[in-house]
Every structure is written in C-alpha cells, then in structure tokens.
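K.L.:
Before anything else, here's the structure in question.
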C-alpha cells in the first residue's frame with residue numbers, strides 16, 4: 093500500500109527506503125495543508141490499489157491475468173534461501189486476494205469498498 097501512495101506523490105521509489113512513511117506523510121501535509129500520519133498514507137495506498145483493480149476489471153482484465161512469467165512458475169530457484177523452490181502462485185493468489193478484501197475472482201468486495209469510502213464514488217462498477 094505504501095508503494096502506491098509514494099508513487100502517487102510522484103517521487104522516486106528508491107528514496108522511500110531511506111526516508112520512511114512518516115516523512116512522506118509530513119510532505120503530503122505540507123503540500124495539501126491537511127494533517128496526515130503514516131497510517132493515512134497506507135490507507136491512501138490501499139484505496140489506490142482498489143481503484144486500480146476496479147479500473148483493470150472494467151477494462152476487461154480478470155484473475156487469469158494475475159500471473160507470473162512461466163519460467164518463474166516452473167523452474168526452481170537456483171540458489172539462496174529459496175533454492176529449489178518454485179513460486180506456488182495457485183496457493184498464494186487466494187491468500188493475497190483474501191488479504192486485500194477481494195473475492196476469489198480478484199474483485200474487491202463491497203465491504204472493502206465501503207470501508208475505504210469508495211462505494212459511492214464508483215456507482216455501478218464491480
């Protein structure tokens with residue numbers, strides 16, 4: 093979520109690692125005049141993720157496009173802590189959807205959209 097929020101600030105993503113979320117919250121506060129805290133940035137990022145997802149769904153994308161290059165799904169990692177493992181996307185994707193508050197098809201659920209204050213803004217979108 094924080095990556096999406098920092099991207100929306102039109103900053104280099106690499107400075108995120110050295111400055112931290114509180115710094116970005118102060119930057120946003122200085123520009124807008126609205127007091128923001130780090131947790132606000134995470135919520136802004138979550139809203140962005142869900143809006144992007146809905147946009148993509150409306151554009152015709154669906155869960156079948158939530159994949160990785162075939163090589164990453166077939167070839168075991170050659171070295172390091174994950175040596176010998178392959179990405180088990182079929183196991184991971186449902187967990188990711190659940191963590192995001194999306195249904196098994198990767199669509200944001202109404203409860204999640206309401207929690208983020210997006211239901212009224214989206215009208216008839218998924």
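In our numbering, the protein residues as written are 93 to 218. We put the CB at the ideal spot given by N, CA and C, even for glycine. None of the values given here were measured: they were computed from a predicted structure.
Give the C-beta separation of residue 199 and residue 133 to the nearest angstrom, bearing in mind that I take them to be a contact with Cβ-Cβ under 8 Å.
P.N.:
With 8 Å as the limit, residue 199 and residue 133 do not qualify as a contact, their Cβ atoms being about 25 Å apart.
K.L.:
Kindly give me the distance between the Cβ atoms of residue 210 and residue 139, rounded to whole angstroms, as I take these residues to be in contact under 8 Å.
P.N.:
6 Å between Cβ atoms; contact.
K.L.:
Using only CA atoms, which one of 190, 142 and 118 lies nearest to residue 131?
P.N.:
Comparing Cα-Cα distances from residue 131 to each of 190, 142 and 118, the minimum goes to 118.
K.L.:
Report the rounded CA-to-CA distance for residue 113 versus residue 186, giving the unit in angstroms.
P.N.:
Their Cα atoms are separated by approximately 28 Å.
K.L.:
So, with DSSP's three-state summary, where would you put residue 200?
P.N.:
The answer is strand: DSSP assigns residue 200 an E or B state.
K.L.:
Are residue 183 and residue 193 closer than 9 Å when you measure CB to CB?
P.N.:
Contact flag unset, no.
K.L.:
Does the contact criterion of 3 or more C-beta pairs under 8 Å hold for the region 166-182 versus the region 120-129?
P.N.:
Segments in contact, no.
K.L.:
List the residues that DSSP assigns as beta-bridge partners of residue 194.
P.N.:
Note: residue 194 sits in a beta bridge opposite 200.
K.L.:
Using the Cα positions of residue 204 and residue 178, report the straight-line distance between them to the nearest angstrom.
P.N.:
Computed Cα separation, rounded: 31 Å.
K.L.:
Report all residues from its chain with a CB closer than 7 Å to the CB of residue 99; omit the five preceding and five following residues, and keep chain order.
P.N.:
Excluding residues within five positions, the ones whose Cβ falls inside 7 Å are 105.
K.L.:
Taking the Cβ atom as the reference point for each residue, do residue 95 and residue 108 lie within a distance shorter than 9 Å?
P.N.:
Yes, they are a contact pair.
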